[in-house]
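S.K.:
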Amino acid sequence: MNTLINLRAGRSYGISLVRFQLLIATLIQYSQFSRVLDKEYSKFGDPTFGLDGGVIEIKSEPKNQTNDYYPWAVFVKALKHCQDPHDFIWNQCNGVLISYRHVLVAAHCMIWNMTKVSECVGIAESDLLTGNKFVQSDELIIRYGTNDMNSGSGISASKISVPELYVDSTEFEPRRFDIAIIRLKYRIDRKIHDVTPICLTTEFNAWGDQITTHTFGWQIKDFFPKFSFRDNLLKVVQQQIPSSDYCDRIFTQYGFDSDPQLFLCTRASTHHKMRFEGSMQFEKNGHFYLAGMPTLQLLKDENEMRDAKFADVHTKMSSYCGFISAATRSEVNCLVGEYNGSSLLAECGRRT
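Numbering (the UniProt record's numbering), first residue to last: 1 to 352.
1. Tell me, to the nearest whole angstrom, how far the beta carbon of H102 is from that of G145; I am working on the premise that it is less than 8 Å.
2. Could you check whether the segment 323–339 touches the segment 233–252, counting it as contact only if at least three pairs of C-beta atoms, one from each stretch, sit closer than 8 Å?
3. What do you reckon, are the CB atoms on T295 and R175 nearer than 8 Å?
4. Beta strand (DSSP E) containing Q253: first to last residue?
5. Can you look up N205 in the DSSP assignment and give me helix, strand or coil?
6. Does the distance from the CB of A157 to the CB of A106 come in under 8 Å?
7. Give the secondary structure of E139 by DSSP, where H, G and I count as helix, E and B as strand, and everything else as coil.
8. In terms of residue numbering, what span does the beta strand (DSSP E) encompassing A73 cover?
9. Please state the DSSP three-state secondary structure of P163.
10. Starting from the C-beta of G341, find all residues in its chain whose C-beta is less than 8 Å away, skip the five residues before and the five after it, and write them out in chain order.
11. State the CB to CB distance for the pair L79 and E164, rounded to an integer number of angstroms; the pair is presumed to be in contact (CB under 8 Å).
12. Quick one: Cα of W112 to Cα of S153, how far?
13. What did DSSP end up calling R190 once you bin it into helix, strand or coil?
14. Do you know offhand how far F251's Cα is from F216's?
15. Check the C-beta distance from Y166 over to D178 and give it rounded, since I have them as a contact under 8 Å.
16. Measure the beta-carbon distance from I211 to F282 and round it to whole angstroms, keeping in mind my assumption that it falls under 8 Å.
17. Would you report the Cα separation of residue 381 and P260, rounded to the nearest angstrom?
18. Can you have a look at K59 and say buried or exposed, based on whether 16 or more other CB atoms are within 10 angstroms of its CB?
19. Note the first and the last residue of the continuous beta strand (DSSP E) segment covering V96.
20. Less than 6 Å between C-beta atoms, sequence neighbours within five positions excluded: which residues of the same chain meet that for M280?
21. Helix, strand or coil for E320 per DSSP?
22. Mark P197 as exposed unless 16 or more other C-beta atoms lie within 10 angstroms of its C-beta, in which case mark it buried.
23. Can you give me the start and stop residues for the alpha helix (DSSP H) that V117 sits inside?
24. Where DSSP assigns a beta bridge to L264, which residues make up the other side?
25. Terminal residues of the continuous beta strand (DSSP E) containing K284?
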């Protein structure tokens, strides 16, 4: 289960049809960017929209650390430039800082849609190699340290690790092993950037029944979210995790083959409140722990839930502690129980 295969992957959401006026507007916006650190990693090459080096910092207002700010929240975006220099495809998703060198995301976010890739690069889909479906690490833009991406810091990636058993599928089925680890080019300096990783624990099964979680994701208000980072705000929604057999009932209802014990299911969805699925966390004794990452949204019977027709299914993080440890070469490990303040462990899960 813990065997690794380092993939470069991502999921596409479409092809932009950017005209000259939009290009000028975008270039003006990105003219506010400044390069930071690691200049040798200028691998975006011939950037269409001024993304020079993949390591950028937006100089804007100070961090807007409201109640919707979590210092481990990360925004991940992949860009692939197309044959037409004015066009590109993109993928964007929620990420979580699990150490000062590692970001955790859903694996399905790291895979391109091959139909979109073929349209983008002008090659017939049947002629594309299977390996081309994975995002290249230098196609990633990673933002952290804020709840408003206008004031976030940027960093590039050096590697993406996905479980060998993960298989992307278009079938209506929760994706098994839907987790990926992004290794950053360099270690984030906590003193400079005021960020903290979230805690990971092996004990969610013991704590999970009827627990209230905080699901957070990016709510994009920009009219042109395909290429702009303006008004990418962090949205937080509280969700109740029902009893442990709720996933069993949902999976039986839909005829899923996956093991429901590897997932978390909620009675309502965040779909109508976030641009894309959010990461699920919970608080215990002043520390936040990562509970799950999004993998599937289910259309529910209207009679079952009056207020929402959807339910969210998350990959349960406590089921993948072995993979996380292996992918990070034991730099990141799940706690056995709660964080106990030991000086031997880096503090995690504190908002301040």
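Note that the Cβ used here is the ideal one computed from N, Cα and C, for glycine as well.
M.R.: Per the coordinate set shown:
1. That belief does not hold up - the Cβ atoms of H102 and G145 are roughly 15 Å apart, past 8 Å.
2. no
3. yes
4. Element bounds for Q253: not the beta strand (DSSP E) but the alpha helix (DSSP H), Y246 to Y254.
5. helix
6. no
7. helix
8. A73 to H81
9. strand
10. E347
11. Not confirmed; about 27 Å, so no contact.
12. 25 Å
13. helix
14. 24 Å
15. 7 Å
16. 5 Å
17. Outside the displayed span of the chain (1 to 352) sits residue 381, for which this structure offers no information.
18. Any reading at K59 needs caution, since the residue's pLDDT is 31, under 50, leaving its predicted position unreliable; the model's value is listed next. Exposed, by the Cβ-count rule.
19. F88 to L97
20. T213, T215, A291, G292 and H314
21. According to the sequence provided, residue 320 is Tyr. The question's Glu does not apply to it. Note: Y320 maps to helix in three-state DSSP.
22. buried
23. M114 to V121
24. H314
25. S279 to K284
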